[in-house]
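Quick note on our numbering: the first sequence kicks off at 54 and runs consecutively. Written below as structure tokens is the structure these notes are about.
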Amino acid sequence: MKNREIAGMFSRIGDALEFKGEMPFKVLAYRKAARVLEDLTEDIEDIWKEGRLTSVPGVGSGIAKKIDEYLKTGKMRKYREAMQGIPDGFLDLLNIQGMGPKTLRLAFDRLGVRSMEDLKRVVEDGSLASLPGMGQKKVDNIRKGLNVFSAEEKRISIGLALEIADEIIAWMKKGDVNRIMAAGSLRRMKETIGDIDILCTAPDGKAIVEHFTNFLGRERILAKGDTKGSIIIKEGYQVDLRVVPDNCFGAALQYFTGSKAHNVKLRTIAREKGLKISEYGVFKGETKIAGKEEEDVYSALGLPWIPPEMREDRGEIELMEMPELVDYSAIKGDLHVHSIYSDGRNSIKEIALRAKAMGYEYIAITDHSKSARYAGGLDEDRLKRQAEEIAKVQEEVGVRILRGSEVDILRDGRLDFDDRVLEDLDIVVAAIHTSSNQDMTDAMVKACSNPHVDIIAHPTGRLISRRQGYPLDISRLIECAASTKTALEINCYYDRLDLSDVNARMARDAGVKISLGSDAHNLGMMNSMRLGVGVARRAWLTPPDVLNTFSLDRLEKWLNERV
DNA sequence: GCCGTTTTCGGCCCGACTGTTTTCAGTCG
Ligand SMILES: Nc1nc2c(ncn2[C@H]2C[C@H](O)[C@@H](COP(=O)(O)OP(=O)(O)OP(=O)(O)O)O2)c(=O)[nH]1
Ligand SMILES: [Mg+2]
Ligand SMILES: [Mg+2]
Ligand SMILES: [Zn+2]
């Protein structure tokens, strides 16, 4: 699928044109097209073949032509033209905190800056500071930005970000705050988080921002005012605080939750209705008609409240009614857990007790198979002995324990256990564990086609902190999963969250069931199911889409229908 | 460059903080 590739090109065209001083709205148009393509749940190539390019929001005749040219020839003249005269990697310098297109252009024109090294030089030798509109303080900021610069925008897993947010909120509660909560991508449960956004109301804005900037883990203060502040914490992550009066909390929460694209769409609709939305409320002329609670902002526009996870301008605003998203409390079991039999830390009984305490009806023990030697994979004999223990514990604890395996998909697509072994199991989860840059589609399709395989785990193999995942034709895998009625997993391990929201939505749209699995190796990790539900909600999944919402009866029926 | 039952031309979200400014541009959320 070339969606992301083309999105990346348009995004870079946007940066390049902005740098060159092109009309701002043209730049905006390229960026919008880039975002829409990135979020698309259809292969752009399919849309192109069917002549529907301009039906994609933000794609008009101009951008459609460029997509067409690229898909036909593998080249885009506009891209080359936009990049003309801009050295490779030069625009990455825009990722420096405080460095925007205007400043970069100034340095490019007046000082001949062409690279990171050049920039460092003009920062140090004072020539940048002497330029019109510049000064020592601005240059100092850029110098600090240079110190933490990385060409790649670094985003962290929501699993990590939630923990940091909790710490910050605990600190803030030691100050004089009324209401406080996480907003931004964190509240939207996005898989990766660029920065941590916290909203609060307080009697004295200046004082609470001051308190915020005194956070013990603070490294640097980026900005500090009466209504907002930004800091960098020791781990290197940015935290933004926004403060508003109590009677604006709803509007501010709506604003600060975003996404930006969702906000822009909402504000445009408001404008068409003769209203104005800001973080302070919804206004009709001078009078404020909403703002205390978030739902009021939406109802002022005649819209239903929209779950934060859906707020990405992916069509949620145009929806007549909201889907009944899978609820965080609707999970009846975990379908991917490791025990001490392979590389997990806990016994079957400990896991079962925890499952019961979590209110689960069932749990699947899915230890690794024999090829996974590094992970203490089970051979057939140990699998059999494990089955005996499972039967015993199930009786003792009173939770249905499905006898499963996370069976390795070997390079050639064969599975690590014979069909005779798989047949005896209650549930079979298959997965690839070798990190490889070989295309894995054939192997996965073959695994999918084995009737004993119920679920494909962490299908793309991405690790948020480390790698994109192996080359894979996701459309083909989804197609195969649909035709063989194999479920695809949203692996809830914080560094995987795989399938992603976009992929999960594509799978669901193709009729594929989704399974949530914590992939827990200890009891604490079993809590990560919450992250997976977040991804599922971002994919607009409803209870019938998600195996884990099924009652035990229904789940077993689904499993038995498959063999 | 995109878009449209209020427009096929003339709009395109709205506000805070910083530094440099003598009235606001740049960057960011
Ligand atoms: N209306 C409006 N709101 C914005 C704009 N930029 C950001 N916001 C709002 C919506 C965002 O969700 C929220 C926080 O901004 P962030 O830059 O932190 O983005 P967000 O948290 O969504 O994603 P992130 O994971 O941090 O990259 O502020 C903007 O240009 N206009
Ligand atoms: Mg954010
Ligand atoms: Mg932010
Ligand atoms: Zn696993």
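From the three backbone atoms N, C-alpha and C, an ideal C-beta is built for every residue, glycine too. Just so it is clear, the structure is predicted and the values come from calculations on it, not from any experiment.
Member of the options whose CA lies at the smallest distance from the CA of residue i
i	options	result
K155	G138, G179, G186	G186
L475	Y413, H505, G466	H505
D477	D434, D554, M62, A276	D434
G282	E272, T310, Y290, R295	R295
A223	K538, R456, G270, I246	G270
K385	G198, E377, K409	K409
G514	N503, D526, D507	D526
L93	G115, I59, D121	I59
E449	A323, E403, E95	E403
Q521	Y415, S489, N503	S489
G397	M578, G127, E71	M578
F72	D96, L157, I416	L157
I139	S168, H574, I120	S168
N580	L215, I286, T266	L215
W593	M559, F78, E206	M559
E288	E263, F336, I221, E75	I221
A573	R407, D471, A557	R407
M54	I97, K79, L70	I97
R456	I531, L612, L70, G188	L612
E170	K190, G142, A323, Q189	G142
Residue i vs residue j beta-carbon contact at 8 Å
i	j	result
I249	V292	yes
I100	V109	yes
I370	L319	yes
A255	A235	no
C545	L569	yes
E91	R65	no
S210	L550	yes
D387	M225	no
I517	T245	yes
D420	H389	no
H486	A540	no
V166	I195	no
G466	D507	no
G303	E347	yes
V498	R519	no
M375	P361	no
G258	D229	no
G429	S395	yes
I443	I401	yes
V192	A204	no
R615	K538	yes
A86	G111	yes
G127	L584	no
D469	V460	yes
I543	A563	no
T266	I251	no
DSSP bridge partner residues for residue i (one or two, in chain order)
i	result
E542	S568
Y415	G386, R453
T245	S210
I59	Answer by DSSP bridge pairing: none, since I59 is not bridged.
V296	C253
F336	K329, K341
G282	K277, L294
H421	E459
L431	S422
R271	I286
L516	R520
L468	I462
Presumed contact (8 Å Cβ cut-off) between residue i and residue j, rounded CB distance
i	j	result
A589	V379	5 Å
T366	A314	It is worth fixing the name first, because residue 366 is Asp in this sequence and not Thr. Yes, they are in contact, since the Cβ atoms of D366 and A314 sit about 4 Å apart, within 8 Å.
A383	P596	6 Å
R453	L605	5 Å
G355	G344	Going by Cβ atoms, the distance from G355 to G344 rounds to 17 Å, so no, they are not a contact pair.
L159	L184	6 Å
R130	E122	7 Å
L144	D68	5 Å
I480	A405	In fact, because the Cβ distance is near 15 Å, the residues do not count as touching under 8 Å.
D598	I567	6 Å
R241	R364	6 Å
I149	L199	6 Å
A500	I531	Not confirmed; about 14 Å, so no contact.
task: Kindly provide the chain-ordered list of residues whose Cβ lies closer than 6 Å to any non-hydrogen atom of ligand 2.
output: Close to ligand 2, as judged by a C-beta nearer than 6 Å to any of its heavy atoms, are the residues G237, S238, G247, D248, D250, in chain order.
message: Tell me which residues pass a beta-carbon proximity test against ligand 4: closer than 5 Å to any heavy atom, given in chain order.
response: Going down the chain, each residue whose beta-carbon is closer than 5 Å to a heavy atom of ligand 4 shows up: E459, D572.
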